[in-house]
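Input: a single structure, listed below in structure tokens.
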């Protein structure tokens, strides 16, 4: 089983497909929760901010490089 997201999922998320965006968020959910900890507790505000930044990055992603 590959730990990478399929290319098609990233393209669909970039195009705004809600299911693909949710797939990306669920793929990175563990990382987001881990890095959202403040003093050993998950900070919901930080977690939400990181999710928003990931979604924003999805729409800015360029495939022509």
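In our numbering, the protein residues as written are 3 to 67.
Cβ atoms here follow ideal geometry from the backbone N, Cα and C, with glycine treated the same way.
Residue burial classification, residue i (beta-carbon count within 10 angstroms, cutoff 16)
i	result
residue 69	This structure cannot settle anything about residue 69, because the visible part of the chain is limited to 3 through 67.
residue 23	buried
residue 15	buried
Distance between beta carbons of residue j and residue i, contact taken as under 8 Å
i	j	result
residue 26	residue 38	That belief does not hold up - the Cβ atoms of residue 26 and residue 38 are roughly 16 Å apart, past 8 Å.
residue 34	residue 53	6 Å
Residue j beta carbon less than 8 Å from that of residue i
i	j	result
residue 60	residue 29	no
Residue i versus residue j: straight-line alpha-carbon distance, rounded
i	j	result
residue 9	residue 65	11 Å
residue 18	residue 11	11 Å
residue 44	residue 5	24 Å
residue 51	residue 13	22 Å
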